[in-house]
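Visitor:
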Amino acid sequence: MNREKMTRDLDNVDEEKFIEDLKEIILDAAKRCRNCNYCFTICPLFHSTRGFMSQTPSGIMQSINYALRWNLLKREDQEILRDLLYLCTTCNGCVLRCKSKATGLPVLDAIEAGRKLLREMMIGPLPQQRKPLKDIYLYGNPYGEKPETRVDWLKGLNVKMIPPESAEVLFYVGCTTAYEPNLHPIGKSLVRLFQYLHINFGILKEEVCCGEPARRMGDEGLFREMMTRNLDQFKSVGIKTIVTISPHCFNTFLNEYSSIQEEIKIQHYTQFLAEAFKRRTPLFKREISSVITYHDPCYLGKHNQIFSTPRELLKMIPGVKLVEMKMTKEESLCCGGGGGRMFAEVEEERRLSDMRIAQALEAGANIVATACPWCYKMLQTSIQDANLGNKIVVKDVAEILSEELN
Amino acid sequence: MTNMESSGIDRIVKELAKIVPEKYILTHIFERIKSSIDTFPYEAERRNLPYAIVMPKTKEEVSEILKYANRIRVPVFIRGSGTSFTGASRYQVPGIVINTHRMDEIEIYEEFGFFECGPGCICESVAKEIETRGFFLPFAPGSRLIASMGGLIANNTSAHVVDASIGKPGDYVLGLEVVLPNGEIIETGTKGLRRPAGTDLTKFFVGGDGLFGMVTKIRMRLVPAFEMAYGIAIYKDLKSLAKGVQRIYRERRPLPLFMEFMEKKTAEIGYKIKGLEIPKGSVILFVSIGNSKEGASQIANQILSSLVAENPIEAQQIEEVELWEKLWSSREVIGSYLMQESGNQWSSAEVVSNLMKLEECMDDASHFNYDLPVLSQLTLYLFGHIGGLTMHPGVIIPKEWDNEKKKRAVDEKFQREAELNLKYSTCGGEWGQFAKRTPFFIKRYGKESYELVKKIKKTFDPNNILNPGVLEGEPQQ
């Protein structure tokens, strides 16, 4: 099967124009870049790689720019360029920094255009990222898991399956929570919270990947195919609200799917719960003595400016002490899992999630809360690897709320 | 120095890898490009790309790299964050780039009253680190978010602060660890809190434009944080504004830490962005300092009493912090706003007046591009650090212009800057003395002075290994 051709046909996109548009995004942004390098210190790569100048937002952008302008896409340069482009976690910090302090460039658009271009030229993605892309296409998830086992975690939870049933709210679980046993407690916590709030909700019987990893890894054809599959399904079941667990799915539906936002309300679960708790004040069973620090997932915070809602939810719990890490909110340090990096080993002199756990400990926290399955996994791995489980644990905001509800 | 065959570069890498772990050496084209471009709006030139970029961690590694470079006569360029405004970080010949990023350790010795840091430390990080302990970093460059301490010290830049208020960074440097261009390692200065009287080699390296050695450790006095008060004055024209500033000095007022100004048209942009009522004239914003809130406020009032004497439209202290933050950021956002609105790049000069002729100099600065062939095609904006008698007339360079035209624009800027600073017998206080400014140095201080600097350079660096091109300057178009 020629998947390249197939996805391209499915898109019905003028390939030449597609490539020209990508080049234009890169060249225009790079030409306007002043190389002030203000983007360096906000970038997770500056803190986690060796820190060469090409391993920074403007460095990556200038690399693809000069590759095009000086025709540097020869064999020996291809892999180097690819490795630079796929280092980026797509956290959006550089875009915010450039907007507030410098030229206001779409740095991330340029980097992602570069990835798409390399994908078109069969240079990208990274070798380890090919399988998850293939798995999304074949199985509807990047982990190569069987579609029919996707809802196994729901056994005994009495949750509506859409179709044949219908519901007001579609709880979009996402691939990672659905397939990772370690993350099932997050999904189950949300089910419990929705039931506590008497929400008329259901889960798609044949839920498939939103396509976010495909777009981040530069496979625009596959992304569009997953978008079409999801949109068709959403429309056919007549859903009005979608609530996601993952900020990545949330951002994809909200900002990257065409013609969905006018008909369907898209919410991250933290937003949905905050609204629902206004209608029904939650009762908590006890006062807790935990010191919690909240790690901002990039696609909730830096991409969608949702900083206070998750914190407000945590503050509802009696006795909770919320502390901030030294890099927080707009300046939050990425966990390292975004931008396709969940599926590949890339250069890390210092692991981002290790740095984040160190920051959480420095802030005096014994719980690092987050609201993203990937952040959860990354942070948990760091805690386990450093054997810090007796000092700090990672918990999803939904888990904490669910545990403390009366 | 000519370009080298790839076998020659391989040999360099092989030798460098005996000094520094191989993973800290890069020779790929993308790193070579990004490590040799700066804030100038035109693109890199292939013939000048460095051969290799190396990241040493210790002074011993730096020393070995420089010894090796001397043996094979290959230039070495020291790179912090590459944000020079004078072209000092845009190389004119190929060579080895030492990236200082890994030399980023900071140690705070409160019991000794100083801190020590590596040249790769970022200004913002150092400032935050010492601020949490109640100290203040006595300089504030616009590029604080990324500027490296090594670059700051090599330029001895007072940046946005008023020199006459708290001095320059060099006034706080107690001592240095330096690797000389021949690879010898020396220590200068003191671990006490009195800087040496008499000969102090520190002075060659603080503000030495990177000509005489690579600083590998900086020791600076810890300065206790002080309280601040804020003030504003708005004048109907620049003449009255200039007279107001002159009065502050002449009437012996305690000088503010910061004193910024925006010409009316430029101020309107900043005010509009911040949702402030459009000012009726040109604006001065200042920050006075004291040991207490009351002390800082008293000083602000003394400054205001001088400013008021020149009949401003408005002059007062600002006590509401939120309003002050809006006003202050109205000045900070102008450059980025202009770039974002136009989609092009900001480029400005550093015109410095003497106190006597401030009125005239401000008038010159406000006509900076008046008769220049390329720059006169563009709108001029004017703001600056008027407490330090510094003006930044600037333009937005269209991205559509070709490289040659952009180069002419940059050269015109430096030529006019030189003319004005010669006219007022001053010099830049922020951006370094050489590279694009070498012709100015020669005119301002004479060939003898320039030859003297060359001789000093030769003494320190007989093979002209370290940062060549900075002192020589770029051939003018």
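Heads up: the sequence lines are chains A and B, in that order. In this note's numbering, each residue carries its 1-based index in the first sequence increased by 963. In this note's numbering, each residue carries its 1-based index in the second sequence increased by 687. Ideal Cβ placement from N, Cα and C applies to all residues, glycine included.
(1) What does A/LEU1047 reach in chain B if we use C-beta pairs closer than 8 Å?
(2) I'd like the ranges of any alpha helix (DSSP H) spanning at least 4 consecutive residues and lying wholly in the segment 823–886 of chain B.
(3) Are the segment 778–786 of chain B and the segment 758–769 of chain B touching, with three or more C-beta to C-beta distances below 8 Å?
(4) State the Cα-Cα distance for the pair A/GLU967 and A/LYS1094, rounded to the nearest angstrom.
(5) The beta strand (DSSP E) with B/ALA756 in it runs from where to where?
(6) What do you get for A/ASP1115, buried or exposed, if any count of 16 or more other CB atoms within 10 angstroms of its CB means buried?
(7) Just the C-alpha distance for A/PRO1069 and A/ASN1055, rounded to the nearest angstrom, thanks.
(8) Under 7 Å between C-beta atoms, does B/HIS788 make it to chain A?
(9) Applying the 10 Å Cβ sphere with the 16-neighbour rule, what's the burial state of B/GLU1145?
(10) Could you tell me whether any Cβ in chain A is nearer than 7 Å to the Cβ of B/SER768?
(11) How would you list, in chain order, the residues of chain B whose beta-carbon sits under 7 Å from the beta-carbon of A/ASN1000?
(12) Using the Cα positions of B/LEU832 and B/LYS1044, report the straight-line distance between them to the nearest angstrom.
(13) Taking A/GLU1310 as part of the beta strand (DSSP E), name the residues at either end of that continuous run.
(14) Can you list the residues of chain B that A/ALA1073 reaches, using a CB-CB cut of under 7 Å?
(15) Cα separation between A/LYS980 and A/GLU1075?
(16) To the nearest angstrom, how far is the alpha carbon of B/GLN1163 from that of B/ALA1096?
(17) Starting from the C-beta of A/ASP972, find all residues in its chain whose C-beta is less than 7 Å away, skip the five residues before and the five after it, and write them out in chain order.
(18) Could you tell me whether the segment 913–930 of chain B touches the segment 888–899 of chain B, using the rule of 3 or more Cβ pairs below 8 Å?
(19) Return no unless some Cβ of chain B is closer than 7 Å to the Cβ of A/GLY1184.
(20) Just to confirm my understanding: we take B/LEU753, look at its own chain, exclude 5 residues before and 5 after, and list those with CB closer than 8 Å. What are they?
(21) Examine chain A for any beta-carbon lying closer than 7 Å to the beta-carbon of B/SER722, and answer yes or no.
(22) Consider the Cβ of A/MET1288: report whether some Cβ of chain B lies at a distance smaller than 7 Å.
(23) Would you verify that the beta carbon of B/LEU1014 is, or is not, closer than 7 Å to some beta carbon of chain A?
(24) Please classify B/VAL1008 as buried or exposed, where buried requires at least 16 other C-beta atoms within 10 Å of its C-beta.
(25) Using a Cβ cut-off of 7 Å (strictly closer), state whether A/LEU1031 contacts chain B.
(26) Between B/ALA1036 and B/ASP1098, what straight-line distance do the alpha-carbon atoms span, to the nearest angstrom?
(27) When the Cβ atoms of the segment 1045–1052 of chain A are set against those of the segment 1347–1365 of chain A, are three or more pairs found closer than 8 Å?
(28) Please work out which residues of its chain come closer than 8 Å, Cβ to Cβ, to B/LYS1093, disregarding the five sequence neighbours upstream and downstream, and give them in chain order.
(29) Output needed in chain order: residues of the segment 801–817 of chain B with a Cβ under 9 Å from some Cβ in chain A.
(30) Count the other C-beta atoms from every protein chain shown that fall within 10 angstroms of the C-beta of A/GLN1091, then say buried if there are 16 or more, exposed otherwise.
(31) What does B/LYS1086 touch in chain A if you count any residue whose Cβ is under 7 Å from its own?
(32) According to DSSP, B/CYS804 sits in a beta bridge with which residue or residues?
(33) Examine chain B for any beta-carbon lying closer than 7 Å to the beta-carbon of A/ILE1099, and answer yes or no.
(34) Looking at the C-beta of A/ILE1043, does it have a partner C-beta in chain B at a distance below 7 Å?
(35) For B/TYR1057, count the other beta carbons within 10 Å of its own beta carbon; 16 or more makes it buried, fewer makes it exposed. Which is it?
(36) Please list, in chain order, all residues of the same chain as A/LYS1203 whose beta carbon is under 7 Å from its beta carbon, the five residues on each side excluded.
Guide: On the basis of the data shown:
(1) PHE717
(2) 836–842 and 850–853
(3) yes
(4) Reliability fails at A/GLU967, whose pLDDT of 39 lies under 50, so the model's placement of it is uncertain and no value is given.
(5) No beta strand (DSSP E) holds B/ALA756; the alpha helix (DSSP H) holding it covers 746–759.
(6) exposed
(7) 9 Å
(8) yes
(9) The identity of residue 1145 of chain B in the sequence shown is Lys, whereas the question assumes Glu. By the neighbour-count rule (16 or more Cβ atoms within 10 Å), B/LYS1145 is not buried but exposed.
(10) yes
(11) SER768, GLY769, THR770 and ILE833
(12) 34 Å
(13) It is not in any beta strand (DSSP E) - A/GLU1310 carries neither H nor E in the DSSP assignment.
(14) Per Cβ cutoff of 7 Å: no residues; A/ALA1073 is ~14 Å from chain B at best.
(15) 17 Å
(16) Reliability fails at B/GLN1163, whose pLDDT of 48 lies under 50, so the model's placement of it is uncertain and no value is given.
(17) Any answer about A/ASP972 is weak, because its pLDDT of 42 lies below 50 and its placement is not dependable; what the coordinates show is given next. So the list is empty, once near-sequence residues are dropped.
(18) no
(19) no
(20) VAL763, VAL866, LEU867, PRO868, ASN869, GLY870, MET901, ILE1152 and LEU1153
(21) yes
(22) no
(23) no
(24) exposed
(25) no
(26) 11 Å
(27) no
(28) PHE727, PRO728, TYR729 and ILE1084
(29) GLY807, ILE809, GLU811, SER812 and LYS815
(30) exposed
(31) LYS994 and ARG995
(32) B/ILE793 and B/ILE905
(33) no
(34) yes
(35) exposed
(36) GLU1131, ILE1227 and LYS1228
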